[in-house]
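A.B. asks: Here the sequence shown is numbered in the working numbering, starting from 1002 and rising by one per residue.
One structure is given below, represented as structure tokens, and several questions about it will come after.
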Amino acid sequence: MTWTAVADVVSAICLIGGAFLAFAAGVGVLRFPDLLSRMHAGTKPQVLGLVLVLIGLALRLRSGGAVWALVLVAVFQMLTAPVAAQMVGRAGYRTGKIRDDLLVVDELTADMERATEQLTDAPAADPPTT
1002 MTWTAVADVV SAICLIGGAF LAFAAGVGVL RFPDLLSRMH AGTKPQVLGL
1052 VLVLIGLALR LRSGGAVWAL VLVAVFQMLT APVAAQMVGR AGYRTGKIRD
1102 DLLVVDELTA DMERATEQLT DAPAADPPTT
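Below, the structure written as structure tokens:
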């Protein structure tokens, strides 16, 4: 068995695994009951599935330029997906879409109350004079 054949087999395994994880992420987004569960299903397996697909493509293509482009796609996906999930979670929390009975630890409420107290305790700024 040649190295090319081994790379093709590993590539096929990565592509199938990545496709399965992306499918599982889609099913989780549709089936999970609340926002936090859906966010988890939409980010974690989706990112890992995409990275596996990109690894499979890199093993199959074996071209320097294509591999670097795939690496950039993977890096940008890993940088943006967690940030997007964090922002969606905060927006859902602030609009009341989060079920409080499912939270084990709720640090955001204490932080928001502390920020509100600081805003109300701060003296009003004098209007600028012109």
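We put the CB at the ideal spot given by N, CA and C, even for glycine.
Give every residue of the same chain whose Cβ lies closer than 8 Å to the Cβ of A1054, excluding the five residues on either side of it in the sequence, and list them in chain order.
C.D. replies: Looking at the sequence shown, residue 1054 is not Ala but Val. The answer, listed in chain order, is C1015, L1016, G1019, A1020 and A1023.
A.B. asks: How close, in whole Å, do the beta carbons of L1037 and L1103 come, if the pair is a contact with beta carbons under 8 Å?
C.D. replies: Confirmed, Cβ separation roughly 7 Å.
A.B. asks: With V1106 as the anchor, note down where its alpha helix (DSSP H) starts and where it stops.
C.D. replies: It is not in any alpha helix (DSSP H) - V1106 carries neither H nor E in the DSSP assignment.
A.B. asks: Can you list, in chain order, the residues of its chain whose CB lies under 8 Å from that of A1025, leaving out five sequence neighbours each side?
C.D. replies: Around A1025: A1042, P1046 and G1050.
A.B. asks: Roughly how many angstroms lie between the CA atoms of L1120 and V1074, to the nearest whole one?
C.D. replies: Cα to Cα, L1120 sits roughly 41 Å from V1074.
A.B. asks: Is G1065 closer than 8 Å to S1012 when the C-beta atoms are compared?
C.D. replies: No, these two residues do not count as a Cβ contact at 8 Å.
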